Amino acid sequence: MLTDLLHLLLLIAFVMVFAWSLYNASIFFAGLFSWFNRKKINKTSNDCNKLSGNKLPFISIIVPVKNGEKVLPRLVSSLLSLDYPKDGMETILVEDGSHDNSYNICLEYARKYPNLIKVLHRDESKGKPDALNFALKHASGDILAFFDVDSIVERDSLKRAVKLLSEPDVAAVQQRTTSLNHNQNILTRLIYIEETCSSIILEGRNALKLFVPLTGSCMFIKKEVIEKVGGWSTESLTEDAELSMRLLKEGFIIVYDKEVGAYQEAPASLRNFIKQRMRWYRGLIETFAQSLNVIKNLGRKFIDAAAYLASPLMVLLSQSFYCSLAAVVLLGYNSPIFQMVFQISLISLLLFVASLISFLLKFVKWRLNETLAASCLTFCYWFFIAFIVLISLLNVLLGTRKEWYTTPKG
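Numbering (my numbering), first residue to last: 134 to 543.
What follows is the structure, encoded as structure tokens:
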């Protein structure tokens, strides 16, 4: 009886993990195909200036600032270098109760560039979503651009977003984000691998016209759209994913642009990484649970959105499955079902390793010895991710107090 139950549970886990892996692999390969074959959008200024009779829309750039004194200068420098008419943009720095010298630095920039930069200040931080809603009330732009304080924004970021948003059915644009410090240590290198894979999957989602989520920074939204859906949820730890679901529910389209974006810092310490990911995964799990009543009544795109939001849970399930499978083999169970599951799983893992090595050599361009080491460490990384997901899930189930953690910058 116990063996039969074990057979059943292992088989169910195998089917779920295999189906989820196959589904994401198809999106990944669609992203690879699109990455190499899609005709690039013209990046020249002339192409963008054709919009609306050569008149570009006014853009409000919103940057929440919390303890960002070390990175503010490079952010502002990149914003001042943007290829966009200076009378067609404003930058709103939302100084959100910093404990360092961020507020004074913001004020200095506002005094130096009074027509370009304005500062909003709050003595007490209530989290990033609340800061964004606060800025929304003071934004004059038809298009709102959002960047984190550690961003270095590429020059043609605004014009490319404007070009995509000129399509009437496009409500928001998510641009590429890349780690600025990916060579700092082993952790940042592993994050960079994950980040590069995520970019390709987003490209695949975009190419297949699936759910494209906003990722919190380097994103552009039409002001009328965000006002229609009620702004940002102050109850969510992943306000970007939660907003993406509301946009989807209202029928709005989000597109992804891999050709341009911003460079940002990845957490370089294990402590900061764990705190950041616990917030991310708890937020995604809660958004997934809240969205179930919408997903069950709607079509393909909503089911795909559910698959995206459930990704942390599927990572936990997949790593638990492989641990259970290894335990079954070590304990000597030898039924036909176990043999089938083990053989298919082993072949899948070998294919994954081969694909990962090829991917790292092609995209990350590390030396062969670095690539082989990274391939081995990637397995450890994902088991560690699964552990963080487990803690996040327990926090959701136990209803522990939510805390908005701002990752230290600089």
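Glycine included, C-beta positions come from ideal geometry on N, C-alpha and C.
All values derive from a computational prediction rather than experimental measurement.
With a Cβ-Cβ cutoff of 8 Å, do residue i and residue j count as a contact?
i      : j      : result
VAL282 : LEU205 : yes
TRP499 : ILE333 : no
PHE516 : GLN476 : no
ILE326 : ILE192 : no
TYR514 : LEU323 : yes
MET378 : ALA443 : no
VAL393 : ARG293 : yes
LEU249 : GLU223 : yes
LEU291 : LEU215 : yes
SER369 : PRO197 : no
LEU213 : VAL295 : no
ASP302 : ILE386 : yes
LEU527 : THR511 : no
ASN318 : ALA401 : yes
LEU434 : LEU505 : At residue 434 the sequence reads Lys, which differs from the Leu that was named. Not a contact, by the Cβ cut-off of 8 Å.
ILE521 : ILE407 : yes
LYS80  : ARG309 : Given a span of 134 to 543 for the chain in the structure shown, any question on residue 80 remains unanswerable.
Step through the CB atoms of chain B and report whether any lies within less than 8 Å of the CB of residue i.
i      : result
LEU531 : The structure shown contains no chain B; it holds only a single protein chain.
Among residues of its own chain, excluding the 5 on either side of residue i, which ones have a beta-carbon nearer than 8 Å to its beta-carbon?
i      : result
LEU138 : none
ASP256 : GLY230
LYS355 : ASP275, ILE276, LEU277, LEU298, ALA304, ALA305
LEU143 : PHE454, SER457, LEU458, VAL461, ILE470, PHE471, VAL474
LYS361 : GLU383
GLY260 : THR367, TRP537
ASN200 : SER231, HIS232, ASP233, SER235, THR539, PRO541, LYS542
ARG404 : none
VAL150 : MET447, LEU450, SER451, PHE454
In angstroms, rounded to a whole number, what distance separates the CA positions of residue i and residue j?
i      : j      : result
ASN157 : ALA305 : 23 Å
SER185 : ILE160 : Unreliable placement is indicated for SER185, whose pLDDT of 47 sits below 50; no coordinate value is reported for it.
SER178 : GLU336 : Residue confidence for SER178 is low, a pLDDT of 45 falling below 50, so the modelled location carries little weight; the figure read from the coordinates is stated next. Taking the straight line joining both Cα atoms gives about 24 Å.
ALA422 : GLU241 : 44 Å
GLY221 : LYS495 : 40 Å
LEU265 : TRP365 : 7 Å
TYR538 : GLU398 : 15 Å
LYS542 : ILE524 : 25 Å
GLN307 : VAL148 : 32 Å
LEU269 : ASN502 : 49 Å
ARG410 : SER350 : 16 Å
LEU380 : ILE225 : 24 Å
SER211 : ILE480 : 47 Å
SER258 : ILE195 : 16 Å
ALA440 : LEU449 : 14 Å
SER331 : LEU530 : 28 Å
PHE267 : CYS239 : 17 Å
HIS254 : GLU202 : 15 Å
TRP153 : ARG534 : 31 Å
GLU357 : TYR217 : 21 Å
LEU425 : TYR246 : 47 Å
SER478 : ILE436 : 25 Å
LEU464 : HIS140 : 14 Å
THR329 : HIS271 : 35 Å
Apart from the five residues on each side of it in sequence, which residues of its chain come closer than 6 Å, Cβ to Cβ, to residue i?
i      : result
TYR396 : ILE285, THR311, LEU313
MET352 : PHE279, GLN307
SER146 : Looking at the sequence shown, residue 146 is not Ser but Ala. Only PHE454 meet the Cβ criterion.
Taking 7 Å as the limit between beta carbons, can you name the residues of its chain near residue i, skipping five residues before and five after?
i      : result
PHE471 : VAL461
VAL486 : SER508
ASN339 : VAL345, VAL388, TYR389
LEU483 : none
ALA163 : GLY337, ALA340, LEU341
ASN175 : Here the model assigns ASN175 a pLDDT of 46, short of 50, so the residue's position is not dependable, and the following value carries that caveat. Hits under 7 Å: none found.
GLU287 : VAL393, GLY394, ALA395
MET347 : First, the residue type needs correcting, since residue 347 is Leu and not Met in the sequence shown. Only ALA305, GLN307, ASP373, LEU376, SER377, ILE387 meet the Cβ criterion.
SER273 : PHE191, SER193, GLU223
THR321 : SER312, ASN314, HIS315, ALA399, ALA401
At a cut-off of 7 Å, is residue i close to the ligand HEM when judged by its beta-carbon and the heavy atoms of the ligand?
i      : result
ARG288 : Looking at this structure, you won't find the ligand HEM or any other ligand, since it has none at all.
Exercise for review: Only counting runs of 4 or more residues, tell me where the alpha helix (DSSP H) segments fall wholly within the region 412–446, in order along the chain.
Suggested key: 433–442
Check your understanding: Three or more C-beta pairs closer than 8 Å, one from the region 416–425 and one from the region 367–382: is that the case here?
Key -> Touching, yes, given that three or more Cβ pairs across the two stretches are closer than 8 Å.
Review point. Considering only residues of the region 204–289, which uninterrupted alpha helix (DSSP H) runs meet the minimum length of 4 residues and lie entirely inside it, listed in chain order?
Key: 205–213, 235–245, 261–269
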